[in-house]
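S.K.: Protein sequences, first through last, are from chains A and B. For the first sequence, position 47 matches number 46 in numbering that gives the first Met the number 0, and the numbering has no gaps at all. For the second sequence, position 4 matches number 3 in numbering that gives the first Met the number 0, and the numbering has no gaps at all. Every residue gets a Cβ at the ideal spot worked out from N, C-alpha and C, and that includes glycine.
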Amino acid sequence: MSKVINILYFASLRERLDTNEERVELPEDVIDIAALTLWLQQRGNDWKTLFSDASQLMISVNQQMARPGTPISTGDEIAFFPPVTGG
Amino acid sequence: MLISVQSEDFDLNKVMQTIRHCRKDIGAIVSFVGLVRDLASGDLVSMTLEHYPGMTEQALRNIAEQASQRWTLQDVAVIHRYGELKPAEQIVMVAVASSHRGEAFQACEFIMDYLKTGAPFWKKETTSNGSTWVEAKHADNKVRKRWEKES
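1) Cβ closer than 8 Å: which chain A residues qualify as neighbours of F120(B)?
2) Assuming the contact rule is C-beta atoms closer than 8 Å, V93(B) and F9(B) should be a hit. Round their C-beta distance to whole Å, please.
3) Return the residues of the stretch 62-73 of chain A that lie within a Cβ-Cβ distance of less than 9 Å from chain B, sorted by chain order.
4) What are the boundary residues of the alpha helix (DSSP H) that T17(B) is part of?
5) Just to confirm my understanding: we take H50(B), look at its own chain, exclude 5 residues before and 5 after, and list those with CB closer than 7 Å. What are they?
6) Going straight from the alpha carbon of V133(B) to that of S11(A), what length do you get?
7) Does the stretch 139-150 of chain B come close enough to the stretch 15-31 of chain B that 3 or more CB-CB pairs lie under 8 Å?
8) To which residues of the same chain is P67(A) closer than 6 Å at the C-beta, ignoring the five residues directly before and after it?
9) Tell me the DSSP secondary structure of M0(B) in three-state form.
10) Quick check: is the beta carbon of A135(B) nearer than 7 Å to any beta carbon in chain A?
11) Is the beta carbon of S45(B) less than 7 Å from the beta carbon of Q73(B)?
12) Alpha carbon to alpha carbon, how far is L7(A) from T47(B)?
13) What residues from the stretch 79-109 of chain B come within 8 Å of chain A, judged by C-beta to C-beta, listed N to C?
14) Fully enclosed by the stretch 16-42 of chain A, which alpha helix (DSSP H) runs are 4 residues long or longer?
15) State the Cα-Cα distance for the pair P52(B) and L37(A), rounded to the nearest angstrom.
16) Does F80(A) come out as helix, strand or coil in the three-state DSSP assignment?
17) Please list, in chain order, the residues of the stretch 24-57 of chain A that have any C-beta partner in chain B closer than 7 Å.
18) In angstroms, rounded to a whole number, what distance separates the CA positions of V77(B) and V91(B)?
19) For I28(B), which beta-bridge partners are listed by DSSP?
20) Can you tell me whether DSSP reads T69(A) as helix, strand or coil?
21) Between E56(B), L59(B), D112(B), N128(B), which lies nearest to W146(B) when the distance is taken from Cα to Cα?
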């Protein structure tokens with residue numbers, strides 16, 4: 000069964016990709032964040048560049064910090080953003 | 000526990016008064032305020048803070064709760080602003096109340112160190128030449144990791 004998720008992009012990542020939010024339907028084999036990252040890289044250009052450097056990406060799933068191995072389920076809210084700079 | 004993510008400025012004294020209100024068991028309150036610092040060149044026009052609505056407050060609350068589990072605290076307050084701020088404006092405050100100063104000092108530092116590396120805010124600096132996103136510092140991650148070794 001394919002999964003439908005919401006992906007949010009923040010800060011410089013949002014600007015580079017010119018996308019703040021999208022709803023995507025994922026193929027069955029995209030089961031975790033690592034697989035999602037690879038799937039997004041397939042879009043090429045900036046998507047490939049920005050999602051290849053793990054050190055420049057932080058990820059959350061349903062508003063909790065996540066890791067490459069964090070599983071994805073339908074209805075999830077996933078967010079990608081640069082390392083945070085609050086405080 | 001007071002956790003707030005807001006665009007409005009805050010008054011540290013009012014927060015302190017709220018913490019102290021009707022309590023006689025607090026021995027120490029340690030507070031921190033973070034300000035918008037100008038660039039060395041003196042050119043900063045504004046700093047804009049973006050955040051992840053929904054996650055931000057939860058992340059701050061989670062950090063405050065971690066501090067409360069690690070030390071015996073009587074109260075914690077964290078207020079973090081977002082939006083466009085000018086040089087010298089307040090960005091963030093942390094206040095920690097405890098029976099003794101040791102815990103209050105440590106917990107306050109812990110909360111700031113975790114906030115700097117784990118709360119979803121991003122800063123953008125604007126000068127007359129345009130805007131650039133502030134880069135995260137490796138030093139902040141090292142400072143945070145120090146707490147993990149000490150536990």
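M.R.: Let me lay it out:
1) V83, T84, G85, G86
2) Actually they are not in contact, since the Cβ atoms of V93(B) and F9(B) sit about 11 Å apart, beyond 8 Å.
3) Q62, Q63, M64
4) 11-19
5) V4, Y81, P119, F120
6) 10 Å
7) no
8) I32, A33
9) coil
10) yes
11) no
12) 19 Å
13) H79, I90, V91
14) 32-40
15) 27 Å
16) strand
17) none
18) 7 Å
19) A96(B)
20) coil
21) D112(B)
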